[in-house]
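Take the position in the sequence shown, starting the count at 1, then add 30; the result is the number in our numbering.
Ideal Cβ positions, reconstructed from N, Cα and C, are used throughout, including at glycine.
One structure below.
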Amino acid sequence: MFNIVIEDLHKTLNNKVVLDGVNLTINEGEAVVIIGQSGCGKSVLLKHIIGLMKPDKGAIYINGKDITNIPESELYELRKEIAMVFQNAALFDSMTVYKNVSFALYEHTNYKEEEIQKIAKEKLALVNLKNTENMNPAELSGGMRKRVGIARAIAMNPKLLLYDEPTTGLDPITSDVINELIIRTNKELKMTSIVVTHDMTSAYKIADRIAMLYKGKIIGIDIPQNIKNTDNPIIHQFVNGLANGPIKEN
Ligand SMILES: Nc1ncnc2c1ncn2[C@@H]1O[C@H](COP(=O)(O)OP(=O)(O)OP(=O)(O)O)[C@@H](O)[C@H]1O
Ligand SMILES: [Mg+2]
């Protein structure tokens with residue numbers, strides 16, 4: 031079982047109300063895509079789910095347990111089952127690709143060296159990055175960095191995988207490779223996935239359901255087909271990238 035129930039989540043940062051009562055339920059095995067304007071709080075929401083930020087009010091139940099309110103030691107255990115692919119890949123620049131991917135395995139498991147090497151190789155092959163183990167992050171292209179970030183995130187076989195803008199800034203083909211990869215981790219490796227993106231091509235392709243965050247709330251959540259044909263004017267404007275409509279600047 032791995033389900034997430036976000037209940038009435040509030041967060042103010044620098045006197046700005048960022049989350050204003052977020053309610054969202056994600057079922058086991060689901061791929062939910064969160065869309066919304068730049069600066070609307072998507073990354074902040076993910077950081078709450080992984081426990082890096084604490085809400086001012088509200089709860090996040092993971093398997094029935096409110097993670098906003100558990101001891102650090104329990105959170106530490108839970109984090110072994112949750113991984114995040116950060117918006118900027120956030121690789122350790124002074125470590126090789128191999129060290130980046132295997133970091134958590136050295137940190138959190140008692141696996142033998144050979145076992146860790148085998149897992150790291152396997153995960154790198156999965157993201158089409160064979161034979162890059164000894165490269166440094168500085169030697170990688172943006173798309174390669176994102177894929178190393180994904181390999182690192184799936185190294186521990188997490189049950190929940192959070193992706194923050196996995197395809198932003200990549201060419202359409204590389205983006206699609208990443209989309210396929212996200213679908214594969216979700217469907218084949220059975221990892222529940224939450225993907226933040228404003229790339230609608232990716233969103234439609236990856237999502238079981240798409241949720242829109244607007245003015246601190248989830249204003250709609252539905253299957254891609256229904257989001258495409260929505261009669262909510264805010265969602266309609268956003269998914270069709272229209273300059274004119276009800277959406278106001280942040
Ligand atoms: N650590 C922080 N301290 C103060 N304010 C923050 C912090 N992190 C985010 N914010 C503010 O919260 C708001 C939402 O930021 P967030 O990064 O979640 O946006 P986003 O939806 O992910 O945007 P983008 O699509 O550009 O990545 C912004 O106004 C930002 O300035
Ligand atoms: Mg963001």
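Once DSSP output is grouped into helix, strand and coil, what is the label at residue i?
| i | result |
| --- | --- |
| Ile-34 | strand |
| Ile-80 | coil |
| Tyr-141 | coil |
| Ser-68 | coil |
| Leu-191 | strand |
| Ala-113 | strand |
| Thr-98 | helix |
| Asp-306 | Given a span of 31 to 280 for the chain in the structure shown, any question on residue 306 remains unanswerable. |
| His-228 | coil |
Using only the heavy atoms of ligand 1, determine whether one of them is closer than 7 Å to the beta carbon of residue i.
| i | result |
| --- | --- |
| Gly-199 | no |
Comparing C-alpha positions only, which one of the options sits nearest to residue i?
| i | options | result |
| --- | --- | --- |
| Asn-187 | Gln-67, Ser-132 and Asp-206 | Ser-132 |
| Glu-104 | Val-63, Ile-80, Thr-260 and Val-115 | Ile-80 |
| Ala-155 | Val-62, Leu-211 and His-138 | Leu-211 |
| Met-165 | Ser-124, Met-242 and Thr-197 | Ser-124 |
| Ala-61 | Tyr-234, Asn-216, Leu-272 and Asn-256 | Asn-216 |
| Lys-72 | Lys-151, Val-226 and Lys-110 | Val-226 |
| Val-47 | Val-63, Ile-65 and Lys-87 | Lys-87 |
Please classify residue i as buried or exposed, where buried requires at least 16 neighbouring CB atoms within 10 angstroms.
| i | result |
| --- | --- |
| Leu-82 | exposed |
| Pro-263 | exposed |
| Phe-268 | buried |
| Met-221 | buried |
| Pro-167 | buried |
| Lys-41 | buried |
| Leu-75 | buried |
| Ile-36 | buried |
Taking 7 Å as the cut-off, is the C-beta of residue i nearer than that to any heavy atom in ligand 2?
| i | result |
| --- | --- |
| Asp-229 | no |
Residues passing the C-beta test against ligand 1 heavy atoms, cut-off 5 Å: Those residues whose C-beta sits under 5 Å from the nearest heavy atom of ligand 1 are, from N- to C-terminal order along the chain, Leu-43, Asn-44, Val-48, Ser-68, Gly-69, Cys-70, Gly-71, Lys-72, Ser-73 and Val-74.
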